[in-house]
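Visitor: Going down the list, the sequences are from chains D and H. Just so you know, we're using the working numbering here: the first sequence kicks off at 1 and counts up by one. Just so you know, we're using the working numbering here: the second sequence kicks off at 1001 and counts up by one.
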Amino acid sequence: MNSLEKSLINLADDLIKAEKNSSVKQKRMEALDCFAKQDFNYKSDNWLNAKIDVFLKRQYQTSIKEVSDIQAFSCEIDNIESNAAYLVNGNKLINNNKNLGLQLSNIVDVTETEASTFAAAAASEDDCLYSINTAAFTGGFFLNIPDNTVVELPLQLISVNNQQEDSFYNIRNLIKIGDNSQVKIIQCDDSVVDNYLFINNITEIFVGKNSHLDLYKMYNLSNSTAVVNSIFIEQKANSVVNTYNFELNAGLLRSKLVSKLIEQGAESYSFGIYLVDKQQYMSNLVDVEHLAPNCKSEQIFKGIVDDLARAVFNGKIVVHKDAQKTIASQVNRNILLSEKAKVNSKPYLEIYADDVKCSHGTTVGQLNEEALFYMQARGISVENARRLLLNAFIGEVIDKIHIEPIKVRMSDLVKKRLNGELSKCNNCIIRCSDAQLNDADDNCIE
Amino acid sequence: MLLQIKNLHVSIEGKEILKGLSLNVNRGEVHAIMGPNGTGKSTLASVIAGRDIFSIDGGEILYKNNDISGWSVDKRANEGIFLSFQYPVEIPGVSMVNFMKTAINEKRSYLGQDPIPMPEFMAKMEEKKQLVEMQAKLTNRSVNEGFSGGEKKKNEIFQMAMLEPELAILDETDSGLDIDALRVVSNGVNKLRSSNNAFIIITHYQRLLDYIVPDFVHVLYDGKIVKSGTKELALELEEKGYENFKK
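1) Using 8 Å as the limit for Cβ to Cβ distance, is R366 of chain D near chain H?
2) Could you give the C-beta distance for D1074 of chain H and V1010 of chain H, rounded to a whole number, given that I count them as a contact under 8 Å?
3) Residues of chain H with a CB under 7 Å from the CB of F168 of chain D: which are they?
4) Short of 8 Å in beta carbon distance, which residues of its chain neighbour S1055 of chain H, apart from the five on each side in sequence? Order them along the chain.
5) So, helix, strand or coil for L275 of chain D, using DSSP?
6) Which residues does DSSP pair with Y169 of chain D in a beta bridge?
7) What residue does the beta strand (DSSP E) around I1201 of chain H start on, and which one ends it?
8) At the level of alpha carbons, what is the spacing between V1047 of chain H and K296 of chain D?
9) With a 10 Å radius around its C-beta and 16 neighbouring C-beta atoms as the bar for buried, classify M1118 of chain H as buried or exposed.
10) When the distance is taken between beta carbons, is L285 of chain D closer than 8 Å to V305 of chain D?
11) Measuring CB to CB, does I175 of chain D end up less than 8 Å from Y216 of chain D?
12) In this structure, what does DSSP give as the bridge partners for R417 of chain D?
13) Measure the alpha-carbon distance for P405 of chain D versus G1059 of chain H and round it to whole angstroms.
14) Starting from the Cα of N1078 of chain H, find the closest Cα among D:T326, D:I177 and D:I380 and give me that residue.
15) Using a C-beta cutoff of 8 Å, does E396 of chain D count as contacting chain H?
16) Excluding the five sequence neighbours on either side, which residues of its own chain have a C-beta within less than 6 Å of the C-beta of N1196 of chain H, listed in chain order?
17) Do L104 of chain D and L153 of chain D have their C-beta atoms closer together than 8 Å?
18) Tell me, to the nearest whole angstrom, how far the beta carbon of A31 of chain D is from that of S167 of chain D; I am working on the premise that it is less than 8 Å.
19) Are any of the Cβ atoms in chain D nearer than 8 Å to that of K1064 of chain H?
20) Work out the CA separation of N180 of chain D and V151 of chain D for me, nearest whole Å.
21) If the criterion is Cβ atoms closer than 8 Å, does the pair L87 of chain D and P146 of chain D meet it?
22) Please list the terminal residues of the continuous beta strand (DSSP E) segment that includes D1171 of chain H.
23) Does the beta-carbon of N1144 of chain H have 16 or more other beta-carbons within 10 angstroms, so that it is buried, or is it exposed?
24) From the DSSP output, in three-state form, read off A1161 of chain H for me.
25) Compare the C-beta of E1060 of chain H with all C-beta atoms of chain D and state if any pair is closer than 8 Å.
26) What in chain D is Cβ-close to Q1159 of chain H, meaning under 8 Å?
27) For F1085 of chain H, go through chain D and note every residue whose CB falls closer than 7 Å to its CB, in chain order.
28) Taking the continuous beta strand (DSSP E) assigned at F142 of chain D, which residues delimit it?
29) Anything in chain H within Cβ reach of L388 of chain D, meaning under 9 Å, just list it in chain order.
30) Just to make sure I have the definition right: I need the residues of chain H whose C-beta is within less than 9 Å of the C-beta of S411 of chain D. Which are they?
31) Check whether the stretch 376-395 of chain D touches the stretch 345-355 of chain D, counting contact only when three or more Cβ pairs, one atom from each stretch, lie closer than 8 Å.
32) Curious, which full-length beta strand (DSSP E) runs of at least 3 residues does the stretch 1058-1114 of chain H contain?
33) Taking C-beta pairs closer than 9 Å, name the residues in chain H that A237 of chain D reaches, listed in chain order.
34) Within 8 Å (strictly less), CB to CB, does N334 of chain D reach chain H?
35) Measure the Cβ-Cβ separation of I231 of chain D and L253 of chain D and say whether it is below 8 Å.
36) Since S222 of chain D meets chain H, which of its residues come closer than 9 Å, beta carbon to beta carbon?
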């Protein structure tokens, strides 16, 4: 057992002793038992090609630190009207919004009734990072949206770190959406310091009948940050969920999305982009479970992999026996920009119903040489021609964004990222606004 | 002299394609290059434009009295060389507006000029569209994506009009065109002819030359120009075929 495991178990013990909510306490205890039996083993499919040891062998601060004097930072999205709430250092919730028509609180404060679905979707035995999250989470967003509620403005849920020590966070979010409700959520992780971070984040989402959720998840983290983000969604009849994953920068990133369509007519659409370079690692694991008839699902994930970077796409669609009339599709496309960049793509279909329409496909390739020559023959430099082609490649996913300011912002960030402007400074946590970017060299730590 | 090709030898993957080709082009001239398939016509066009898949084994290409062998494709374009593609490439996701604006501004930047103001650019797009009777709204369309064969060729001439080259090479612009499109494309070219620019028109058939009347006609066969003459040569070719020129 390494020192990280020891300190995580100690933290979990303390949290279990202090836990007042008996059902959550029970879940924490079971999960800790499970964690103790599991191996910190990262040889599985879930960690294909990942050099996670680099992150797990470090000494991290795990205990809860008092949060004082917060200068919370909001992910900058120009011209967006939203309501923002912050989770600082994995435990302190700052929510100054009033009259949202919904409940937004810290997960550690939930009542017995509210916690009824806690840990119902994320099974501890699947992955030791799930079990330790359940056993040792220190905080997170609890969002409860009643029936028949339309939340007009997007909600920004921002998790921010300002601790100087290298830190390991277990953050747990629970989102319950009643029937006939609508909400748009923007989730960001951010840090205002440049030390090593390991963020182990689980979000469980329960979507009621006829409800509509748009979930935007942005990753713009430093190369010394590892983030493992797992989202579990359960959808009831005729609900629609769109998820968008924008993976712009991180040292190591694993994004897992598990969607269960448990009642008729539910629809799940997932879109993702990943831009990976240097020695970064980004992995997208998608698991869509069609458990009821007449449901639809679609995934489009596109990635650009450069330098020595590694990317993984593992897409799985399971159509269960009763899920007749299922329509499911999955597309993963990759462009490799260097000889040593590598991507492993595994689209996977498992079908037990006989009346379904399913498709999947994957491509890994280089930029189109004919198109590059054509553009150069019009006077466009090879660098600009490449940029135009790469932006066009990612553009298909950006175009799926419904919220205009986010679309503009993402398109701008992708352009900057592809121009190399976002990674001017290796250790810089990317939070620069346009003005700051112009003199990024001066501001960043080399 | 605008273009001077001296004893050019070109090969690809060890296979010799051009075997000592020479050609002189002055401003104000239209040259037609005719010949059967596989004799090196398109290779000649690509090599002038700077395509690097070919290896130049001998001879030289002088453009405005410069040896351009070391020039990149985009430098050649910005110096006024334009290639109208036989098979224009579809570029999904890159809009015509963005593409054209980037191209024009790269040229302006190369020439030390400021970027084109947007209103001026849009007005120019509108004007040049009319030159080739393009109906399509270009604003939201990706480059050549979903264009018909005729639209693609019109789009080539449209781009030529936008970029105002000094040397334009039209590589089988007539192939795949119906009579109406052929007339439109030819009209476009004729309107762009001036004493300051020159055209090299590569074609199989005499038909295009009814519309764009050349000053000179060259027969390219087995990697060399085997006969040169005036427009009457094209008629002779049409009548007798290429057999007579094989030596």
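The beta-carbon is built from N, C-alpha and C at its ideal position, and this holds for glycine as well.
Guide: With the structure as the only source:
1) For the purposes of this step, residue 366 of chain D is identified with residue 366 of the first sequence, where counting begins at 1. The identity of residue 366 of chain D in the sequence shown is Gln, whereas the question assumes Arg. Chain H contact via Cβ: absent.
2) Within the second sequence, numbered from 1, the residue matching residue 1074 of chain H stands at position 74. Within the second sequence, numbered from 1, the residue matching residue 1010 of chain H stands at position 10. So it is not a contact: roughly 21 Å between Cβ atoms.
3) Position 168 of the first sequence, counted from the start, is the residue given in the question as residue 168 of chain D. Taking a Cβ-Cβ cut-off of 7 Å, F168 of chain D has no neighbours in chain H, whose nearest Cβ is about 40 Å from it.
4) One-based indexing of the second sequence puts residue 1055 of chain H at position 55. Excluding sequence neighbours, S1055 of chain H sits near V1010, S1011 and I1012.
5) Locating residue 275 of chain D in the first sequence gives position 275, where the first residue counts as 1. Reduced to three states, the DSSP call for L275 of chain D is strand.
6) Residue numbering aside, residue 169 of chain D sits at position 169 when the first sequence is read from its first letter. Residue pairing for Y169 of chain D: DSSP places it in a beta bridge opposite D:I199.
7) The count along the second sequence starts at 1 and reaches residue 1201 of chain H at position 201. Per DSSP, the continuous beta strand (DSSP E) segment holding I1201 of chain H begins and ends at A1198 to T1203.
8) The residue you call residue 1047 of chain H lines up with position 47 of the second sequence. The residue you call residue 296 of chain D lines up with position 296 of the first sequence. So the alpha carbons of these two residues sit roughly 51 Å apart.
9) On the second sequence, residue 1118 of chain H is found 118 positions in, with the first residue counted as 1. M1118 of chain H is exposed by the Cβ-count criterion.
10) Locating residue 305 of chain D in the first sequence gives position 305, counting from the first residue. Locating residue 285 of chain D in the first sequence gives position 285, counting from the first residue. Contact flag unset, no.
11) Within the first sequence, the letter at position 175 stands for residue 175 of chain D. Within the first sequence, the letter at position 216 stands for residue 216 of chain D. No, these two residues do not count as a Cβ contact at 8 Å.
12) In the first sequence, residue 417 of chain D corresponds to position 417, counting from 1. In the DSSP assignment, R417 of chain D is bridged to no other residue.
13) In the first sequence, counting from the first residue as 1, residue 405 of chain D sits at position 405. In the second sequence, counting from the first residue as 1, residue 1059 of chain H sits at position 59. Rounded to whole angstroms, the separation of the alpha carbons of G1059 of chain H and P405 of chain D is 57 Å.
14) Indexing the second sequence from 1 puts residue 1078 of chain H at position 78. Taking only the C-alpha atoms, the option nearest N1078 of chain H is D:I380.
15) Start at 1 with the first residue of the first sequence, and residue 396 of chain D comes out as number 396. Closer than 8 Å: yes.
16) Along the second sequence, read from residue 1 onward, the residue named residue 1196 of chain H stands at position 196. Listed in chain order, the non-local C-beta contacts of N1196 of chain H below 6 Å within the same chain comprise R1027, local neighbours out to five positions each way being set aside.
17) Here residue 104 of chain D is taken as the residue at index 104 of the first sequence, counted from 1. Here residue 153 of chain D is taken as the residue at index 153 of the first sequence, counted from 1. No.
18) Counting from 1 along the first sequence, the entry for residue 31 of chain D is found at position 31. Counting from 1 along the first sequence, the entry for residue 167 of chain D is found at position 167. With a contact defined as Cβ atoms closer than 8 Å, A31 of chain D and S167 of chain D miss out at about 21 Å.
19) On the second sequence, position 64 is the one that residue 1064 of chain H refers to. At least 8 Å separates the CB of K1064 of chain H from every CB of chain D.
20) As a first step, residue 151 of chain D must be located in the first sequence, where it is residue number 151. As a first step, residue 180 of chain D must be located in the first sequence, where it is residue number 180. Each residue's alpha carbon lies about 11 Å from the other.
21) Numbered from its first residue, the first sequence carries residue 87 of chain D at position 87. Numbered from its first residue, the first sequence carries residue 146 of chain D at position 146. Contact flag unset, no.
22) Taking the second sequence and counting its residues from 1, the one referred to as residue 1171 of chain H is at position 171. Unbroken beta strand (DSSP E) run through D1171 of chain H: L1167 to D1171.
23) Position 144 of the second sequence, counted from the first residue, corresponds to residue 1144 of chain H. The residue is buried, with at least 16 neighbouring Cβ atoms inside 10 Å.
24) If you number the second sequence from 1, residue 1161 of chain H lands on position 161. Annotated three-state conformation of A1161 of chain H is helix, per DSSP.
25) Your numbering for residue 1060 of chain H matches position 60 in the second sequence. E1060 of chain H is outside the set of residues whose beta carbon lies under 8 Å from a beta carbon in chain D.
26) As a first step, residue 1159 of chain H must be located in the second sequence, where it is residue number 159. Residues of chain D passing the Cβ test: R378.
27) Position 85 of the second sequence holds residue 1085 of chain H. Listed along chain D are Y374, each with a C-beta nearer than 7 Å to that of F1085 of chain H.
28) Residue 142 of chain D sits at position 142 when you count from the first residue of the first sequence. Counting along the chain, the beta strand (DSSP E) containing F142 of chain D begins and ends at F141 to I145.
29) If you number the first sequence from 1, residue 388 of chain D lands on position 388. Residues of chain H with a Cβ closer than 9 Å to the Cβ of L388 of chain D are, in chain order, I1091, G1093, V1094, N1098, F1099 and T1102.
30) Position 411 of the first sequence, counted from the start, is the residue given in the question as residue 411 of chain D. Chain H residues near S411 of chain D: none, gap ~12 Å exceeds 9 Å.
31) Segments in contact, no.
32) Counting only runs of 3 or more, we get 1081-1084 and 1091-1095.
33) As a first step, residue 237 of chain D is located in the first sequence; it is residue number 237 there, counting from the start. Going along chain H, no residue has its Cβ under 9 Å from A237 of chain D, so there is no contact; the nearest lies around 36 Å.
34) In the first sequence, residue 334 of chain D corresponds to position 334, counting from 1. The beta-carbon of N334 of chain D is placed no less than 8 Å from the nearest beta-carbon of chain H.
35) Counted from its first residue, the first sequence places residue 231 of chain D at position 231. Counted from its first residue, the first sequence places residue 253 of chain D at position 253. No, they are not a contact pair.
36) One-based indexing of the first sequence puts residue 222 of chain D at position 222. Within chain H, no residue comes near S222 of chain D; the closest Cβ sits about 30 Å away, beyond 9 Å.
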